[in-house]
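Just below is one structure, and these are the notes that go with it.
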Amino acid sequence: MPLFWRIFLLNAVVLICATALLLGPVTVSSPVLLTEAAVLTAGLAAMLVANAVLLRIGLAPLQRLTRAMTAIDLLRPGARPVVAGHGEVAELITTFNSMLDRLETERATSAARALSAQEAERHRIAQELHDEVGQTLTAVLLELKRVADHAPPALGADLHRVQETTRAGLDEIRRIARRLRPGVLEDLGLVSALKALAIEFTRPGLAVRHRIDTDLPPLSRDVELVLYRVAQESLTNAARHAGARRVDLTLRRTPAGVELVIRDDGRGIDGAPEGAGISGMRERALLIGATLSLAPGPDAGTEVRLTVPAHRRSH
């Protein structure tokens, strides 16, 4: 029965009962007696309470749907309000769930295209940095060395400082290119790439320890890239924003698939809104059907956990 008719009939029943009582045992005289006023007041109160209870019961599914609509996050898919109620209410909840299914599918498709284009752009920029800027700075270093060999001693010291500055810039460009395009991931695999990543982020004041299982199942290139990018973003956040002094990186095999855990001893999340880096990690996790969670670590700090289900293994 439609919601309108249910509410209308419930109210009609209450009003018919009240009218029947007034026409029957309940009468009103003029002037109104105290007992009659008490009876009418009690009847009115009963009608209002009954009306409120009936409306509360009838509209409760809509209130639950409103709360669900407020809490829905497309980066955390799967949550759906329970289909309850009758008529239009159940139809409305079912339609809302169908809309969420379409939105999540469309978002996953668009995110896949965007991230694919992003990886291609990173590859292009890294290639240009390596081939153009890197080779140019290498040629500058060789020329500086040639000039320094023939320069007077007083000028040689200045040229040596310029050489060191140029060499430091070349090393930084190579480091940026490696981050943009993880060649070690393509050439040596995920385990070696994660170990190299841990070594790269280890510096004075920050120790990165890693524990990686040797019996990992075969993983597709997409899964390996997502695992690497999540680890890279997590280490970057720990080093730049969390003020961490120790980071533990763990990749292990689980009965459900594989699990990546990055745990630091930094300042923690503290209810701060998620930035573009974390949103990007969630987008990548959705692409491979993985689950990403961020929570306070056991000893303060932040724990990032990426769980990849077994059906995402490659064959």
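full-length UniProt numbering applies: residue 1 is where the sequence shown begins, and numbers increase by one.
C-beta atoms are modelled at their ideal positions from N, C-alpha and C, and glycine is treated no differently.
All figures in this text were calculated on a predicted structure; none of them were measured in a lab.
For residue i, count neighbouring C-beta atoms within 10 Å of its own C-beta (all shown protein chains included) and say buried if the count is 16 or more, exposed if not.
i, result
"residue 297", "buried"
"residue 301", "buried"
"residue 395", "As displayed, the chain neither begins before 1 nor continues past 315, which places residue 395 out of reach and without an answer."
"residue 224", "buried"
"residue 65", "buried"
"residue 247", "buried"
I need the straight-line Cα distance from residue i to residue j, nearest angstrom please.
i, j, result
"residue 132", "residue 125", "10 angstroms"
"residue 148", "residue 159", "6 angstroms"
"residue 53", "residue 61", "14 angstroms"
"residue 107", "residue 194", "29 angstroms"
"residue 109", "residue 123", "21 angstroms"
"residue 35", "residue 46", "16 angstroms"
"residue 92", "residue 236", "44 angstroms"
"residue 111", "residue 283", "7 angstroms"
"residue 187", "residue 201", "20 angstroms"
"residue 179", "residue 232", "8 angstroms"
"residue 138", "residue 99", "56 angstroms"
"residue 16", "residue 40", "15 angstroms"
"residue 153", "residue 292", "59 angstroms"
"residue 295", "residue 161", "46 angstroms"
Using a threshold of 8 angstroms, state whether the C-beta atoms of residue i and residue j are closer than that.
i, j, result
"residue 249", "residue 207", "no"
"residue 242", "residue 205", "no"
"residue 287", "residue 226", "yes"
"residue 304", "residue 234", "yes"
"residue 141", "residue 166", "yes"
"residue 176", "residue 251", "no"
"residue 134", "residue 170", "yes"
"residue 18", "residue 43", "yes"
"residue 285", "residue 306", "yes"
"residue 94", "residue 83", "yes"
Suppose the cutoff is 7 angstroms on Cβ atoms and the five residues either side in sequence are ignored; what does the same chain contact list for residue i look like?
i, result
"residue 51", "11, 14"
"residue 244", "206, 238, 264, 265, 266, 301"
"residue 318", "Residue 318 cannot be examined here, being either before or after the span of the chain that is shown, 1 to 315."
"residue 117", "none"
Keeping to the same chain, check which residues put their C-beta closer than 8 angstroms to that of residue i; ignore five residues upstream and five downstream.
i, result
"residue 7", "54, 55, 58"
"residue 217", "253, 257, 258, 310, 313"
"residue 151", "159"
"residue 222", "287, 288"
Who are the near neighbours of residue i in its chain, counting only those whose CB is closer than 6 angstroms to its CB and skipping five residues on each side?
i, result
"residue 68", "81"
Could you tell me which whole beta strand (DSSP E) segments of length 3 or greater appear in the stretch 163-213? Under the rule that a run must span 3 or more residues, the beta strand (DSSP E) segments found entirely inside the stretch 163-213 read 207-212.
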